[in-house]
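Have a look at the structure below, then the notes.
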Amino acid sequence: MHELTIASALVEQVCDHARDRGASRVGSIRIRMGALSGIAKALHFCFPSAAKGTLCDGAVLYIDEVPLTVMCVRCDAIKTPSGHYNFRCPDCGHPTPKVITGREMQLASIELVGADAPPAGAHASAGATDNSLSSQGI
Ligand SMILES: [Zn+2]
15 MHELTIASAL VEQVCDHARD RGASRVGSIR IRMGALSGIA KALHFCFPSA AKGTLCDGAV
75 LYIDEVPLTV MCVRCDAIKT PSGHYNFRCP DCGHPTPKVI TGREMQLASI ELVGADAPPA
135 GAHASAGATD NSLSSQGI
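Residue 109 in my numbering sits at position 95 of the sequence shown, with consecutive numbering throughout.
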């Protein structure tokens with residue numbers, strides 16, 4: 015996966031949504047990213063250039079890291095391994111190739127600015143947080 019491609023796809027998806035709502039720009043974007051994806055820093059770095067000249071220009075990108083959890087078939091329980099590359103149950107040592115969380119990347123919320131066209135005199139920069147994309151992957 016190339017980080018700039020991911021950043022561009024993210025910007026495109028958020029801009030589509032912002033345009034649908036008639037927003038003048040995007041205030042902030044929050045995404046959930048699994049600990050295993052390992053691109054949070056790179057995405058932070060690429061985001062401003064991907065957002066340049068779009069409705070996302072100047073938006074703040076928040077990344078919530080989702081911890082790694084795996085399924086242990088021997089314990090029949092969800093476990094948290096001691097390290098990102100240690101796919102063994104911390105309790106019984108059984109290999110745990112089945113990753114439950116830690117690989118995902120999804121939009122959590124988007125803050126739109128000017129979406130509801132506030133009347134003159136109201137806070138022009140008042141944004142509306144939109145959680146309707148919570149189940150949507152990128
Ligand atoms: Zn176990």
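Just so it is clear, CB atoms sit at the ideal spot from N, CA and C, and this is done for glycine as well.
None of these values were measured; they are calculated from a predicted model.
Output the boundary residues of the alpha helix (DSSP H) element that contains residue i.
i     : result
Asp34 : 17-34
Cys60 : 54-65
Within 10 Å of its beta-carbon, does residue i have 16 or more other beta-carbons around it, so buried, or fewer, so exposed?
i      : result
Ala91  : exposed
Pro81  : exposed
Gly116 : buried
Val87  : exposed
Thr110 : buried
Cys103 : buried
Val28  : buried
Val74  : exposed
Is the beta carbon of residue j closer than 9 Å to that of residue i?
i      : j      : result
Glu17  : Cys70  : no
Val40  : Leu126 : yes
His108 : Ala49  : no
Ala122 : Arg35  : no
Looking at the secondary structure, which residues open and close the beta strand (DSSP E) in which residue i lies?
i      : result
Val127 : 119-127
Lys93  : 91-93
Arg88  : From DSSP, Arg88 is part of no beta strand (DSSP E); its letter is neither H nor E.
Tyr76  : 74-80
Please work out which residues of its chain come closer than 7 Å, Cβ to Cβ, to residue i, disregarding the five sequence neighbours upstream and downstream, and give them in chain order.
i      : result
Ala37  : Leu69, Leu126, Val127, Gly128, Ala129
Asp105 : Cys89, Lys93
Ser139 : In this predicted model, Ser139 has a pLDDT of only 41, less than 50, meaning its place in the structure is not dependable enough to derive any value.
Thr143 : Low local confidence applies: a pLDDT of 47 at Thr143 is under 50, so the model's placement there is unreliable, and no value is given.
Glu79  : Met47, Ala49, Ala54
Within its chain, find whatever has a CB closer than 6 Å to the CB of residue i; leave out the 5 residues flanking it on each side and keep chain order.
i      : result
Ser22  : Ala64
Ile43  : Val28, Ala73, Leu75, Ile124
Val113 : Val84
Got a sec? Which residues, its chain only, sit under 8 Å from residue i by beta carbon, not counting five neighbours each side?
i     : result
Arg33 : Leu69
His58 : Leu75, Ile77
Ser96 : Pro104
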